[in-house]
Amino acid sequence: MFSKILIANRGEIALRVIRACKEMGILSVAVFSDADRDSLHARMADEALCIGPAPAAQSYLSMPNIISAARITGCEAVHPGYGFLAENAAFARAVGDSGLTFIGPSADAIERMGDKAVARQTMMAAGVPCVPGSVGTVDSSEEALVFAREVGFPVLIKAAAGGGGKGMRVAADERELHSNFTAAKTEAAAAFGSDQVYIEKYLARPRHVEMQVLADTHGHAVYLYERDCSVQRRHQKLIEEAPSPALTPELRAAMGEAAMKAVRAVDYVNAGTVEFLLDHDGRFYFMEMNTRVQVEHPVTEQVTGVDIIQEQLRIASGEPMKHVRQEDVRLNGHAIEFRINAEDPLHNFRPHPGTIDVFNPPGGFGVRVDSHMYSGYTVPPNYDSLLAKLIVWGETRGEAVARARRALDEFIIVGIPTTLPFHQYVVEEEHFQRGEVYTDFVERYATTEDVRAFVTGVPAAEKEAST
Ligand code: MV4
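In this note's numbering, the protein residues as written are 731 to 1197.
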């Protein structure tokens, strides 16, 4: 096992990794920007180094600064967390070239999954179900039309270098296909520096269900079951849960096996997530693979008892992972995560950095809060707005929802607006309570008007009866 590692991240995920290190007797080195001098991750680590000014491009995204920090402090490995450099193949390669271990998959695996068209082709070849559409990229709208006629309209034009919802265009018919094909290519070129696009049949109101996987260097691979992440807004996840209310044991096993095929197809090692779209007929399709630990990993930890960060450290150090057989991984109960962001849910989720005068997180049985907040902390404007993750556990989904309601009531954040009122509304919402969550849940059942009516106690104007 490593004796000392560097954490190339900030915020709650840096704390999460530091905690795992402490439990495993590994020394931790934090890096921080000028904006994060007073942050908990810099205080909780065994050592902390400033790596640059507030803008991420000059600090948390600076490969030379981070690698220098690791070498100066005598670290053996680097944990990238999520975001920043976590899915940057060049960084994984640079870490390795400096004689350090990257705590994550190989640079090759990151690269192969980074191009969504290549990933899709790889998955098709491996027998993982993919949405009907093009094999690889499409170069002209004539070629796009061939595929669109084959699978039927509407279709989606997706950027190969995109992911996470950026650079997608729907085309309802042939006329739209021609105009949107060019628009999608132009948009992709501007956003990602590559105009490569591919075509898929457009699925109406799918669920987002993803499989957590772990694989070690000894040839062991398991899936830690799924998370349902359908409660999103503009491709930002807000609530995630495990298991998915939509999966039967048979469907779960089939999706788990598909995720294992994905792992084997790219010789994947370490923790990863295979994302699927689940349609209303119970069919699932590969969407993309995330080659990092995800924000929502705690819900999986709560229902499986597996410490995913500790497993990442074991795997990267060359040890076998703790749970090597699929039968060793058991699902127990239900967990839901609520992302508490420094955003105003009554004003388009506008980010709202500022000082938190009072931070009073909930506690008690079945409640976990992963957060880097404290009373008096000032949220800087430079980074993402995640303040805390509230994770509740219950023996059943109903118990988890009841516990969530209780824990959200206890949670007090004074000083800046947060997404707490949004979550308080959602846990009372009937579709959410029944587990009927699709990717359009927020726009359909949790609009600004719905949340405002809930907060003010004044009923929203009647919705149009026809819609
Ligand atoms: C889709 C889709 C419907 N049909 N692909 C959005 C994120 C990106 N990774 C892929 N996304 C989608 N791909 C087909 N063929 C609908 C979405 C989608 C979505 C997916 C997951 C979670 C939320 C979403 C919100 C809007 C659209």
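Just so you know, even glycine gets a beta-carbon here, dropped at the ideal spot from N, CA and C.
Can you tell which of LYS888, GLY949, THR852, ILE1045 has its C-alpha closest to the C-alpha of ALA919? When each option's Cα is compared against that of ALA919, the closest is LYS888.
Compute every distance between the C-beta of LEU886 and the non-hydrogen atoms of the ligand MV4, then say whether any falls below 6 Å. yes
DSSP state of VAL996, grouped into three classes? coil
Could you check the C-alpha separation between ALA784 and GLY1012 for me, to the nearest Å? 46 Å
Give the list of continuous alpha helix (DSSP H) stretches no shorter than 4 residues that lie fully inside the stretch 838–872. Runs of the alpha helix (DSSP H) inside the stretch 838–872: 846–855.
Would you kindly work out how many angstroms separate the C-alpha atoms of LEU1120 and PHE1162, rounded to a whole number? 17 Å
For a test of your reading of the model: does the CB of VAL861 fall under 6 Å from any non-hydrogen atom of the ligand MV4? Yes or no. yes
GLN966 versus ASP838, GLU1073, THR1034, GLY1096, residue with shortest Cα-Cα distance: It is GLU1073.
With the cut-off set at 7 Å, would you say LEU954 and VAL1036 are in Cβ contact? At the C-beta level, LEU954 and VAL1036 come within 7 Å of one another.
With a floor of 3 residues, list each beta strand (DSSP E) that falls wholly inside the stretch 731–767, ordered by position along the chain. 734–737, 757–763
So, helix, strand or coil for THR1197, using DSSP? Confidence at THR1197 is low in this model, with a pLDDT of 44, below 50, so its placement is unreliable and no value can be given for it.
Would TYR928 pass as a contact of ALA847 if the rule is Cβ separation under 7 Å? Contact flag set, yes.
Counting pairs of beta carbons, one from the stretch 757–774 and one from the stretch 733–743, are three or more of them closer than 8 Å? yes
Simplified DSSP assignment, three categories, for ALA784: coil
CA-to-CA distance, ALA983 to VAL1144, given in whole angstroms: When only Cα atoms are considered, VAL1144 and ALA983 end up about 44 Å apart.
Three-way DSSP call (helix, strand, coil) for HIS950 in this model: In the displayed model, HIS950 falls within coil according to three-state DSSP, outside both helix and strand.
Could you tell me the distance, in whole angstroms, from the CA atom of ALA874 to the CA atom of THR912? When only Cα atoms are considered, ALA874 and THR912 end up about 11 Å apart.
Starting from PHE905, trace the alpha helix (DSSP H) both ways and give me its first and last residue. Note that residue 905 is Arg in the sequence shown, not Phe. 904–922 is the extent of the alpha helix (DSSP H) around ARG905.
Taking a contact to mean a Cβ-Cβ separation below 7 Å, would you say VAL881 touches GLY863 in this structure? yes
When you compare each of ALA765, ASN1090, LYS752, ILE735 to GLY829 by their alpha carbons, which one comes out closest? ILE735
Sort out for me which residues DSSP pairs ARG899 with in a bridge. ILE887
Below 8 Å on the Cβ atoms is my guess for TYR1107 versus ILE1086; work out the distance and round it to an integer in Å. Sure, about 5 Å apart at Cβ, within 8 Å.
Restricting to Cα atoms, I'd like to know which of ILE1146, ASN1062, SER836, ASP1100 is closest to PRO1083. ILE1146
Where DSSP assigns a beta bridge to ILE1250, which residues make up the other side? Nothing about residue 1250 can be reported from this structure: the residues present for the chain run from 731 to 1197 only.
Heavy atom of the ligand MV4 less than 6 Å from the Cβ of THR1148, yes or no? no
In terms of alpha-carbon separation, which member of ILE802, ILE781, PRO1075, GLY804 lies closest to MET793? In terms of CA proximity to MET793, ILE781 leads the group ILE802, ILE781, PRO1075, GLY804.
Euclidean distance between Cα positions of ALA989 and ILE840: 16 Å
State whether the stretch 1121–1139 contacts the stretch 1090–1105, with contact taken as three or more CB pairs (one from each stretch) at a distance under 8 Å. The answer is yes - the stretch 1090–1105 touches the stretch 1121–1139, with three or more Cβ pairs under 8 Å.
Out of ALA765, THR947, ASP776, point me to the one whose CA is closest to ALA790's CA. Correcting the residue type first, residue 790 is Tyr in the shown sequence and not Ala. Of all alpha-carbon atoms in ALA765, THR947, ASP776, the one lying nearest the alpha-carbon of TYR790 is that of ALA765.
State the DSSP-derived secondary structure class of MET1051, mapped to helix, strand or coil. coil
Residue from VAL943, ALA992, ALA995 with nearest C-alpha to THR1003: VAL943
Taking just the CA atoms, how far does VAL1025 sit from SER1196? Summary for SER1196: the model assigns pLDDT 44, below 50, so the residue's position carries little reliability; its value from the coordinates is reported in the next sentence. The straight-line gap from Cα to Cα measures roughly 38 Å.
DSSP three-state label for ILE1070, please. strand
According to DSSP, what are the bridge partners of VAL943? Bridge partners of VAL943: TYR953, GLY1002.
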